[in-house]
Amino acid sequence: MRLCREPNDCYGCRSCELVCSYHHRRVFSPGGGAIQVRKDNETGQILWVRDSRCDLCLGEEGPLCVRFCGYGALRVEG
């Protein structure tokens, strides 16, 4: 399985970043999880990075970032 993001549907709200931090640390703290969301101020593009700590929310009912993305920008494939 892999996590995929649809760039045109992502508005940079950072909900995925918050729920990821909750999965890993049980606190809502931007930067505390495996996902980082930033905006390139020159291009306006949303930059989304997932690091090696991502375990697709092992022990949860699927990846929390997918479940709580209000824009449907994230999905699991495979």
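Residue numbering for the sequence shown follows my numbering, beginning at 1201 and increasing consecutively.
Where is the CB? At the ideal position from N, CA and C, for every residue including glycine.
Checklist line | Nearest neighbour of residue 1240, chosen from 1269, 1212, 1263, 1254 [CA to CA] | finding: Residue mapping note: residue 1240 aligns to position 40 of the sequence shown, counting from 1. Measuring from the Cα of residue 1240, the nearest candidate turns out to be 1212.
Notebook entry, point to check: Can you tell me the Cα-Cα spacing of residue 1219 and residue 1265, whole angstroms?
Noted result: On the sequence shown, residue 1219 is found 19 positions in, with the first residue counted as 1. On the sequence shown, residue 1265 is found 65 positions in, with the first residue counted as 1. Taking the straight line from one Cα to the other gives about 6 Å.
Margin query: Among 1216, 1201, 1202, whose alpha-carbon lies nearest the alpha-carbon of residue 1272?
Written below: In the sequence shown, residue 1272 corresponds to position 72, counting from 1. The residue from 1216, 1201, 1202 with its alpha-carbon nearest to that of residue 1272 is 1216.
Item checked: Test item: CB-CB of residue 1205 and residue 1234 under 8 Å -> In the sequence shown, residue 1205 corresponds to position 5, counting from 1. In the sequence shown, residue 1234 corresponds to position 34, counting from 1. Against a cut-off of 8 Å, the Cβ pair of residue 1234 and residue 1205 comes out as no contact.
Note to self: Just to confirm the assignment, what range does the beta strand (DSSP E) spanning residue 1220 have?
What the structure shows: Walking along the sequence shown from the start, residue 1220 turns up at place 20. Per DSSP, residue 1220 is not a residue of any beta strand (DSSP E); the alpha helix (DSSP H) it occupies stretches across 1215 to 1225.
Next item on the list: Within the same chain, show all residues whose beta-carbon is closer than 8 Å to that of residue 1201, passing over the 5 residues directly before and after it, in chain order.
Entry: Locating residue 1201 in the sequence shown gives position 1, where the first residue counts as 1. Same-chain partners within the cutoff: 1256, 1276, 1277, 1278.
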